[in-house]
Structure formats: C-alpha cells, structure tokens
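Numbering of the sequence shown is given in full-length UniProt numbering, commencing with residue 1 and proceeding in unit increments. Glycine included, every Cβ here is placed at the ideal spot set by N, Cα and C.
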Amino acid sequence: MSLPTVKTTCPYCGVGCGIEATVEDPAAHRVTIKGDPDHPSNFGKLCSKGATLGDTVTLENRLLYPSVDGRRCDWDTALDHVAGRFRQIIAKHGPDAVAFYVSGQLLTEDYYVANKLMKGFIGSANIDTNSRLCMSSAVVGYKRAFGADTVPCSYADLELAELIVLVGSNAAWCHPIAFQRIRKAKDNNPNLKVVVVDPRRTASCDIADLHLPLKPGMDALLFNGLLCHLQRDGRIDKDYVANFTNGFAEALHQAETSAGSVAAVAAGCELDPADVGQFFAWFAGTERTVTVYSQGINQSSSGSDKCNAIINCHLASGRLGKPGMGPFSFTGQPNAMGGREVGGLANMLAAHMDLDNPAHVDRVGRFWHSERVADKPGLKAVEMFEAIGDGRVKAVWIMATNPVVSMPDADRVKQALQRCELVVVSDCIANTDTAQLAHVLLPATGWSEKDGTVTNLERRISRQRPLFAASGEARHDWWIISRVAQRMGFADAFAYQSSAEIFREHAALSAFENDSEHQLRDFDLSAFATIGQTEFDSLQPVQWPVTRERPQGSPQLFGDKQFFTADRKARFIPVAPQGPRNKVDADYPFTLNTGRLRDQWHTMTRTGLAAKLNAHRPEPFVEIHPADAERLQLKNRSLARIESRWGQMLARVEIGAGQRRGSLFVPMHWTGQVSSHGRMGALVNPVVDPYSGQPESKQTPVRISAWPAT
Ligand code: SF4
C-alpha cells in the first residue's frame with residue numbers, strides 16, 4: 001500500500017522551497033521529507049534545515065494544552081479569560097493600551113485575522129511583527145521608489161544575469177537553495193560574475209569573483225559612488241530616466257557631495273581603490289545585473305536609505321523590468337511577504353493599503369463592515385516593547401515568536417514583559433524564554449499540522465498542508481484569534497470555519513472596488529476572490545499579482561515601466577550616507593555584527609531538535625580577526641565575555657581571518673533555554689531606522705575580554 005504524500009512548503013527561510021512529505025506513521029509523527037521536484041522555487045532541492053524537518057516534528061517541547069496563570073484549563077476558560085481581560089483593559093485605558101506582536105512564521109490567513117481584529121475591530125494599529133527586524137527597510141525602499149511594496153524580480157532572473165551583486169547577504173547560509181541556483185548559473189555561464197559586498201568574508205564569497213569587505217555600515221556611500229560612476233562613464237539610460245522616473249538630478253547631486261570619485265569612496269569604505277573601480281566597471285558594463293540585498297542592508301539605522309541607494313543605480317541604468325536584472329531584496333522568514341500582504345506591519349493596512357490614506361481606511365472599513373478601523377500607525381516593534389516597559393501598553397499577545405531572545409536590548413524586553421499586566425503567548429513550542437513570562441499560554445498547531453498559505457521572497461504564494469492531525473489540544477492560530485474576537489463581541493466578522501474562507505476574503509479585499517484608482521495598486525489577488533475549498537486545496541505555487549487577466553501570476557514587474565506612484569513614474573531618493581548611529585569608542589572599540597548560521601533557524605526552538613543540525617556549531621561563539629585576538633591574548637576555543645552598553649554574554653572564541661579587524665561576529669540563535677552563556681539580543685543596541693523602525697542589529701559597539709579574567 002502506498003503511503004500518503006503531501007505537497008507542502010518549508011517553514012524556515014524566505015526561499016520558500018516546496019516539500020514532498022511522505023507520512024510513514026501518523027501516530028508516531030514519522031515522516032520522510034524530500035524536495036518537491038515540481039516546485040518552481042527549488043525543483044526538488046532542499047538545504048540541511050529543510051531536509052531534516054522530519055526530525056523536528058516530534059512532540060518534544062510542544063505546547064499541548066491551554067493554561068492560565070500556570071494552571072491547565074480548557075479552551076473555553078482560556079479564551080474567555082483572554083477576551084475578558086482585553087475588553088477590561090480597552091474599556092479602562094482605550095484601544096492603544098493593548099498590542100499584538102506577531103511573526104513571519106504565521107500563515108497569511110493567521111496574519112490576516114490578527115490584523116483584522118486589532119486594526120479593524122479593536123481600533124488600534126498596535127500590531128507589529130518580528131518581520132520588522134528583517135525586512136521593513138526593504139519595504140520602505142520599494143514604497144519610496146515604486147509607490148508600492150513590490151519586489152520586481154524572480155529567481156529566474158538570477159539565472160539570466162551576467163552580474164550578481166550580493167550586498168549584506170550571506171545567501172550561502174541564509175538562503176541556501178537560492179544560492180545554489182546562483183552557483184549553478186555560474187557553473188553554466190562562465191561570463192556570470194558574482195560580487196559580494198560584506199564586511200565579513202562569508203561562505204557566499206566561495207563563488208565570488210570579487211569580495212568588497214567594506215567598513216561596516218558604509219553601503220550607501222558605495223552605491224552613491226556607483227551612481228556617480230554611471231554618470232561619469234556615460235552609462236545613464238537617459239531615455240528611461242527622463243520618461244519613467246523623477247528626481248535623478250537631486251539624487252545625483254546628493255551622491256556627488258561625498259562619493260564623487262573612486263578614491264573618495266574607497267577611502268570612506270576602507271576598500272582598495274582598484275577593487276572599487278573593478279566593481280563599478282563591471283556594473284557599468286553589464287546590462288543584466290541583479291543586486292541581491294538582505295539583512296546587512298536592512299538591519300541598519302539608515303537601512304531604508306541604503307535600499308534606495310541600490311535602487312537608484314538600477315533606475316539610473318534602466319536595469320529593471322527586463323529579464324535578468326533588477327534590485328532584489330531577500331527576506332528572511334518563510335512568510336514575511338505574506339505578512340506584508342495583509343498589513344502585518346503597524347504602519348500598513350491589509351491588501352497593501354495605507355493607514356495614513358483616509359480613502360484606504362474608508363474602503364477597508366466598508367469591506368469589513370466596521371466603523372472602528374484604526375486611522376493612524378501603531379507602535380513598531382522596538383517602540384512597542386518600550387511602551388510595554390513604561391506601562392502605556394498593559395496587555396500584549398505574542399504569537400509564534402520569542403522576542404525575549406530575538407529583540408535588541410533583550411534584557412529590557414524581558415523586564416518589560418515581567419512588568420506587563422497581561423502577557424498572552426500562543427505558540428506551538430512550550431517553555432521558550434518568552435513563554436516562561438506568559439500569564440496565558442495558548443497551544444497553536446505546528447508546521448506539520450498547519451493549513452494555509454505562505455508567500456516567499458519572490459512573491460510566490462504556496463500552500464502549507466497538514467501532515468498530521470493537531471497535537472494535544474492545539475488549534476490553528478486563525479481559530480484561536482477569531483474565537484477570542486467573537487468573545488470580544490465581534491461574532492459575525494470572525495465566524496471563520498476554514499483557512500480557505502479567510503484566503504478568499506483576503507483575495508476579495510484586494511479586488512474590492514477595483515476601479516481606476518485601485519488599478520494603481522500593486523497587490524491584486526482578484527483571480528482568487530471566489531476560490532472554493534477544492535481549488536484552495538489544489539492551489540499551485542503562483543506569484544502575485546494574480547488577476548482575472550493574469551491567472552498564471554506575474555513573475556516580473558515593471559516591464560511596462562508603469563509604477564504605482566500617482567504619475568506612474570519611479571522615484572529616485574537622494575541619499576546622504578551615514579554610518580552606524582552608535583560609534584565605537586575607547587570603551588567599546590569593536591563593532592558587533594550578528595547573523596544566522598547555516599544549520600540553525602532563529603531561536604533554535606525547532607532546528608535545535610535535530611541532532612544533525614546541532615553538530616554544525618554546538619555552542620555560541622564569537623568570531624574575531626587573528627590580529628585582534630593576539631592583541632587581547634584570546635586563544636582559539638577559549639571563552640570570552642562580550643559586553644555592550646545594553647548587556648553581555650559569554651561565547652567561545654573562534655579566530656578567523658574572514659573577520660575584519662575591529663569587528664566581531666556572533667550568531668543570533670542561542671537562547672537562555674539552551675545556553676547559560678546569555679543571549680545575543682541582550683547586546684544589541686535598540687536604535688532604529690527613522691523610516692522603517694528596523695533595528696540596527698548589525699552594528700553595536702562592544703568590547704571583548706578573556707573569561708574568566710586572569
Ligand atoms: Fe527551507 Fe530555506 Fe532551506 Fe529552502 S533554502 S529548504 S526554504 S531553509
């Protein structure tokens with residue numbers, strides 16, 4: 001008898017690989033995992049994390065039952081308690097006294113319902129997501145340049161390019177299957193050049209023709225310099241700039257003030273002028289250029305400007321909207337993009353509409369039949385935990401994320417939650433650092449039990465399908481949220497019975513009042529506005545927009561040179577390069593860089609269950625340049641204490657020449673639950689980009705010393 005095989009999607013990074021899961025023994029949660037050969041993101045390939053998913057679907061460390069104040073209870077009791085306490089606090093202090101902190105791990109349907117409850121019916125926009133920490137600067141960059149949060153490229157462009165620039169992206173470890181596609185493209189095309197722009201020599205440099213180990217935070221200077229070079233070299237696409245863009249002269253003028261020569265750029269970035277000149281010459285001379293950028297750009301106090309400095313170069317050279325070219329942000333999480341679609345950020349409304357646009361607020365209110373829709377942006381992640389700490393927010397519901405580990409200034413986040421009147425945590429994992437602080441714990445279904453959609457970093461919507469029945473008393477996130485909403489008095493608007501019903505409503509909202517103004521909007525799922533259960537169950541991966549005219553989706557955008565601004569033209573943004581907000585000094589002379597490892601995901605709540613993955617790097621470490629280690633008498637594999645003005649941790653010393661002098665690298669994954677050495681998040685400064693609110697997780701001034709002190 002053949003065993004049932006389910007096509008689903010990997011729950012880790014934003015590459016969004018398709019999986020074929022063969023359920024061997026449902027009772028024992030035994031499953032064989034293979035890459036889906038038909039999925040257009042991975043064509044059957046999986047990285048180490050995806051391939052070991054079968055080891056992580058055990059009941060070990062699962063949250064299986066609801067509890068209130070540490071006592072197990074039934075669902076009715078837990079839901080009544082949460083709804084009652086939220087109602088009390090809102091009645092006494094107003095809707096802005098409550099908040100939701102959600103996650104790029106949620107499915108789009110979960111995200112949609114959480115947003116609808118907070119923004120549409122509670123009437124506050126205090127819902128933000130851990131995706132704020134990963135891609136919110138990229139969102140701002142796209143919105144400013146294109147008038148909408150629209151990623152123009154697809155993976156296929158990587159295979160057609162002749163130059164790929166990876167900026168602040170260790171795709172080899174953080175987006176492994178996308179990187180494998182780049183590697184294969186390079187094997188197949190000897191003309192394809194790869195440039196890596198990163199202070200650290202990472203695994204991605206293994207295929208690089210040129211590595212630019214620039215001074216941390218100086219990316220905008222480099223790309224401003226490139227814009228000036230394109231002008232000097234006569235490589236501006238004058239027709240494109242004149243007819244399809246605005247603001248070129250201002251952006252060029254701003255760039256010329258600090259980046260007018262290769263020498264100035266090389267000096268500011270602390271790079272070899274010959275290498276800078278080589279990069280500029282390759283970019284200038286290669287039409288098919290894709291610039292991939294990720295957390296090294298986004299996680300910065302000037303991340304939005306860095307994104308626009310990159311996009312400016314593509315607009316100036318007309319390298320956009322054609323095969324094999326464009327600016328291409330890589331998001332970190334499996335459904336960061338799905339969250340963006342439904343307004344998962346505190347400053348956005350569902351279906352890519354804006355809270356600060358009264359017409360959008362009105363439209364969403366009429367669609368949801370609510371007169372309470374929030375009409376001003378809510379608290380972004382860092383602000384939200386500050387407001388919890390100082391008592392402005394008195395109740396928070398944290399869904400599928402572990403901010404006590406992952407947020408910057410994580411010790412203060414922990415203290416804020418310890419002081420908060422009501423902390424509700426819904427998660428599939430028990431006993432996370434955050435769950436330990438909860439008054440109410442609500443068990444959510446895990447990856448192998450969930451049913452809905454996610455959208456990957458190239459806008460491709462794929463299904464996550466259940467392999468097993470829900471464990472214990474776990475329920476889907478959308479079910480938990482909607483049952484609380486019903487108890488808060490919003491019964492009709494949250495009477496959902498299935499994720500298909502929610503997906504249909506989400507698609508219908510994108511098509512609601514599809515008039516000429518609406519046509520300017522990028523996010524359109526009108527082809528799914530009446531989708532039925534059977535169609536939803538068999539939904540094939542497809543890239544939005546998916547309209548009635550284009551039911552096969554839209555792999556590439558802006559081929560028609562029509563943007564989503566009022567005059568349909570793209571915008572150059574003048575960028576004044578800035579370094580990190582907090583500078584190194586005599587007390588804290590090193591720049592701390594943080595990031596992911598190849599074989600772990602976020603705070604290790606799942607990948608930590610796979611013995612094979614733990615073998616890669618078994619404990620927290622700090623990477624340091626050999627000369628710095630020698631000066632400080634730090635031995636390889638010894639222990640060191642790292643301290644910032646915000647916190648401290650211990651880590652094993654790893655001496656590596658790939659590190660810049662004066663920089664340290666610490667991975668983000670270890671939690672207080674699996675390591676007594678402390679959490680990386682406690683070190684990170686909480687300064688944010690003024691436009692995106694994204695924290696500067698890549699550059700915190702720190703010091704390092706041997707531990708114990710001799
Ligand atoms: Fe999963 Fe990302 Fe690996 Fe693909 S590349 S298998 S989506 S972790």
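Taking 8 Å as the upper bound for CB-CB distance, L133 and M399 are not in contact here, some 15 Å apart. Counting other Cβ atoms within 10 Å of its Cβ, A491 stays below 16 and is therefore classed as exposed. A straight-line Cα-Cα distance of about 24 Å links L539 and E24.
G532 counts as exposed, since fewer than 16 other beta carbons sit within 10 angstroms of its beta carbon. A direct Cα-to-Cα measurement between I297 and V57 gives close to 34 Å. Residue environment analysis places D390 among the exposed positions, since fewer than 16 neighbouring C-beta atoms fall within 10 angstroms of its C-beta.
By the Cβ neighbour-count rule, D206 is exposed, with fewer than 16 other Cβ atoms within 10 Å of its own. The Cβ-Cβ distance between K450 and Q436 does not fall below 7 Å.
Counting along the chain, the unbroken beta strand (DSSP E) around G35 starts and ends at R30 to G35. Exclusion of I33 from the 6 Å shell around the ligand SF4 follows from its C-beta lying no nearer than that to any non-hydrogen atom of the ligand. Ranked by Cα distance from V687, the options A485, A706, M407 and C307 are led by M407. By the Cβ-count criterion, L3 is exposed, with fewer than 16 other Cβ atoms from all chains shown falling within 10 Å of its own Cβ.
Contact between the region 261-275 and the region 219-233 is present, with at least three C-beta pairs closer than 8 Å. Secondary structure of W75 (DSSP, three-state): helix.
Rounded to whole angstroms, the separation of the alpha carbons of F244 and K561 is 6 Å. Beta bridge pairing from DSSP links T150 with no other residue.
Of the candidates D524, S705, F468 and A178, A178 places its Cα closest to the Cα of K45.
Runs of the alpha helix (DSSP H) lying entirely within the region 284-355, each at least 4 residues long, are 295-298, 303-316 and 336-341 in chain order. Residue environment analysis places S426 among the buried positions, since at least 16 neighbouring C-beta atoms fall within 10 angstroms of its C-beta.
In the DSSP secondary-structure assignment, R463 is bridged to T453. Rounded to whole angstroms, R568 and G141 show a C-alpha spacing of 17 Å. The shortest C-alpha to C-alpha distance from T455 to any of L634, V542 and G446 is the one to V542.
With a cutoff of 7 Å on beta-carbon distance, A171 and C307 are scored as not near each other. Under the DSSP assignment, S48 falls outside any beta strand (DSSP E), being part of the alpha helix (DSSP H) whose first and last residues are S48 to A51. Secondary structure at N246: strand, using DSSP grouped into helix, strand and coil.
Taken in chain order, the unbroken stretches of alpha helix (DSSP H) that lie wholly in the region 619-650 and span 4 residues or more are 626-631.
By the rule of a C-beta closer than 5 Å to any heavy atom of the ligand SF4, the residues picked out are C10, Y12, C13, V15, C17, L46, C47, K49, G50, P176 and I177. For F367, the enclosing alpha helix (DSSP H) begins and ends at P358 to W368. Residue pairing from DSSP places L664 in a beta bridge opposite L592 and I624.
In the DSSP assignment, M384 falls within the alpha helix (DSSP H) that extends over A381 to G389. The count of Cβ pairs closer than 8 Å, one atom from the region 463-482 and one from the region 106-117, reaches three, so the stretches are in contact. Fully enclosed alpha helix (DSSP H) runs of no fewer than 4 residues occupy 171-174 and 176-188 of the region 156-208, in order along the chain. In this structure, Q600 is the residue among R419, E250, Q600 and P545 with its C-alpha nearest to the C-alpha of H616. For P334 against T291, the beta-carbon gap comes to about 23 Å, at or over 8 Å, which does not count as contact. Distance from V194 to L166 at the Cβ level is roughly 7 Å; contact confirmed, criterion being Cβ atoms closer than 8 Å.
Put simply, the region 29-36 does not touch the region 68-86. Fewer than three CB pairs are less than 8 Å apart.
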